[in-house]
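Asks: Structure incoming, see below.
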Amino acid sequence: MLAEEVLGDIAAPPLQDPPKKKKKKKNRRPKSKRGKNKPTGFEEYYVDAPITAEEHQLEQELYHVRVEDALLRFHKNRRIETDRLEVFHKYLSYGGVDVGPNMFAGSDDRDLKELDSEQILLARARTAIKRENSHLAIDFDTVVKGFLTSYFPFYFNPDDEAMIKLATVTIRSFLSYLLYHDVCPEYKENIDAARKSCDIATEELWKNQQLTANGPGDFNTACSTIFGGLEHDVYTENNEWKNPKDDKIQMTKYIAHKVMRFALAVVGSDELASSFKEMNAQGSLKATLLDDLDGFEVTKMCLLSDEEREFYATHAPDLNPVGKLYGKTYYDPDMPGRDLSPAEQEQWINGDRPMEEFTFFLEESLLQHCYPGMKIIARIWELNCGFHYFEDIIRAYSSIYTSLPNDLMIGWKKPRELAAKDADQDDDEAEAE
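Using full-length UniProt numbering, the first residue of the sequence shown is number 1, and each one after it goes up by one.
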C-alpha cells in the first residue's frame, strides 16, 4: 500500500515519438556527367522506334523541306557526344551543309518557354542548307567516299580502330535514318550504296593505318640497304652514328643479304632465283628508281604454304616469313600535274598512260593488312634481275578512294563589298601610324 501511494504521486512521462532517421543527402552529379551511360543512339543494334500513321503523315509534310528537317530530328533523337559531333559536322560541311552556332546560343531556357516544340527545334538548329546550293548535284555515296577516304584520315588522323568506327558508324546511322523515315525516296539506292561505302571504309581504313605504321617490312628495308634508297644513304657500319634515344634496331648488310636470299629461295621462281644468283656473282645487280609514278595499286596477295612456313621455322627462325604482293601503276590524282609534251598530254587525257605491273616481296604480318584495290603511295625501285621493292609508305588509300574539291569549300564565305574609306580618313590613319 505504501509503495502504491508513493508511486501514485509520480506522474508518468509523456509518450514520445521515436527519433526520425535523417535522410542521407544524395550527391548530385555535375551536369557534364549526367546521362553518361544512357544510350546514344549509335549502338550497334540500335533502331528507331516504330512510327504511327499520324507521325508518318507529319514526316511526309516535314520532309518536303528534305534533309534540313531530317537533320533537326536526327540531332533531337540522338545523344551526340562532342567527338562524334565534331566528325558529323565536318561531314555535313564537306557535303555542302552550312554548320554554325544556333540563334539561341547563350540564352536562358526561359526565353524558349514562349515557343512550341517545333519552334524550339528550329531555334536550336545548327545546320542549314542554303537555297543557292540547290542547283548542285546530289550524290550521297560520292560524298561519303570522298569524306571517309580522302578528308577524314588526314584531317582527324585516327590512331585506333575506335576513332575510325566513330566516324563511319555516325554517318551510317544518319543515312539509315534517312531511309527509315523515307526522307528522300528517289535517292534510296544511292543512300544504300553510301551505307555500304561506310562498311567498306570501316574495314579498310584501319588496315591502311596499320600498314602505313608498320611498313615497309624487312625485305624492302634489306633491298634499300644493299641496292639503293633511304636506308642505303644513311647506313653506317656497326651503327656508329646510332641515336641513343632511338629504339630502332638497324639492319646490318649481313642480315639484309640473309633476308633477301631466303625470300627468293622460298617464294621466288626458279628463274628469278637463278638470275639473282648469277648477276650477284658478276656484281651487275643494279636498282633504278621509278620516279615517273606515284605508287601502286594492289592486285593480288600470295601467302606462304604450310611447307614454306615450316622451312622458315626450321632454317631461319629469326626471320619473318615473306610472301608475295602484286600490283600495278597508280597515279595519285592529288599530286601536281606532270610536265608532258602535247602528244603525251593527249595520251593521258585519253587514258593511255604508261602502266606497269610489279612483283614485291612482303612479310606475312604486313600482307594481312593488304587487300585488292588498296593504293600505296611510296617510292618504287626496280632491280634488273626481275623484281621491285618500295621504301617507306607515304600514304595508303582505300579501294573506294575518291578525291573531291569539297574540302576547299569548308569555311568558305561569300565575298562582300567593302565601302571605300574617305580620303581624309585614310590620311588620318596614315598619320597615326
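Every residue, glycine too, gets a C-beta built ideally from N, C-alpha and C.
Is Tyr331 near Asp294, with beta carbons less than 8 Å apart?
Replies: It is a contact, given that the beta carbons lie within the stated cut-off.
Asks: Mapping the DSSP letters down to three states, classify Phe76 as helix, strand or coil.
Replies: It is worth fixing the name first, because residue 76 is Lys in this sequence and not Phe. In the structure shown, Lys76 sits in a helix (DSSP, three-state: H, G or I).
Asks: For Cys302, count the other beta carbons within 10 Å of its own beta carbon; 16 or more makes it buried, fewer makes it exposed. Which is it?
Replies: Exposed is the call here.
Asks: So for Arg195, helix, strand or coil by DSSP?
Replies: Arg195: helix per DSSP, three-state reduction.
Asks: What's the gap between the Cα of Pro321 and the Cα of Glu363?
Replies: Using only the alpha carbons, I get a separation of about 6 Å.
Asks: Looking only at its chain, what residues have a beta carbon closer than 8 Å to the beta carbon of Trp381, apart from the 5 residues adjacent to it on each side?
Replies: So the list reads Cys223, Ser224, Phe227, Gly228, Gly229, Ala287, Thr288, Leu289, Leu290, His388, Tyr389, Phe390, Glu391, once near-sequence residues are dropped.
Asks: Give the secondary structure of Ile376 by DSSP, where H, G and I count as helix, E and B as strand, and everything else as coil.
Replies: Looking at Ile376 - three-state DSSP - the assignment turns out to be strand.
Asks: Along the beta strand (DSSP E) that carries Phe170, what are the first and last residues, could you check?
Replies: Here residue 170 turns out to be Thr, not Phe, going by the sequence shown. It is not in any beta strand (DSSP E) - Thr170 instead sits in the alpha helix (DSSP H) that spans 161 to 180.
Asks: Can you list, in chain order, the residues of its chain with a C-beta nearer than 6 Å to that of Tyr91? Leave out the 5 residues immediately preceding and following it.
Replies: Within the same chain, Tyr91 has close Cβ partners Phe147, Ile171.
Asks: Name the two residues that bound the continuous alpha helix (DSSP H) containing Lys277.
Replies: Taken as a continuous stretch (DSSP letters only), the alpha helix (DSSP H) holding Lys277 covers 270 to 282.
Asks: Give me, in chain order, the residues of the same chain whose beta-carbon lies closer than 8 Å to that of Thr142; leave out the 5 immediate sequence neighbours on both sides.
Replies: The residues are Thr402, Leu404.
Asks: Quick check on DSSP: helix, strand or coil for Trp381?
Replies: Here Trp381 sits in strand by DSSP.
Asks: Could you check the C-alpha separation between Asp199 and Leu178 for me, to the nearest Å?
Replies: Whole-angstrom Cα-Cα distance: 17 Å.
Asks: If you measure from the beta carbon of Tyr94 to each beta carbon in chain C, is any gap under 8 Å?
Replies: The displayed structure is made up of one protein chain only, and chain C is not part of it.
Asks: To the nearest angstrom, how far is it from the Cα of Leu319 to the Cα of Asp83?
Replies: Taking the straight line from one Cα to the other gives about 42 Å.
Asks: Give every residue of the same chain whose Cβ lies closer than 6 Å to the Cβ of residue 467, excluding the five residues on either side of it in the sequence, and list them in chain order.
Replies: Here the chain covers residues 1 to 433 and nothing more, so residue 467 does not appear.
Asks: To the nearest angstrom, how far is it from the Cα of Phe361 to the Cα of Glu203?
Replies: Going by the C-alpha atoms only, they are around 24 Å apart.
Asks: From what residue to what residue does the alpha helix (DSSP H) around Lys145 run?
Replies: Where Lys145 is concerned, the enclosing alpha helix (DSSP H) stretches over 140 to 146.
Asks: Whole angstroms is fine: what's the gap from Gly283's alpha carbon to Leu325's?
Replies: Gly283 and Leu325: Cα-Cα distance of roughly 27 Å.
Asks: Rounding to the nearest angstrom, what Cα-Cα distance links Lys87 and Asp159 in this structure?
Replies: Residue identity check: residue 87 is Val in the sequence provided, not Lys. In a straight line, the C-alpha of Val87 is about 15 Å away from that of Asp159.
Asks: If you run the structure through DSSP and keep just helix, strand and coil, what is Glu363?
Replies: Three-state DSSP puts Glu363 in a strand.
Asks: With a threshold of 16 other CB atoms inside 10 Å of the CB of Thr221, please say whether the residue is buried or exposed.
Replies: Buried: at least 16 other Cβ atoms inside 10 Å.
Asks: Applying the criterion that 16 or more other CB atoms from any shown protein chain within 10 Å of the CB defines a buried residue, is Arg353 buried or exposed?
Replies: The residue in question, Arg353, is exposed, as its Cβ has fewer than 16 Cβ neighbours within 10 Å.
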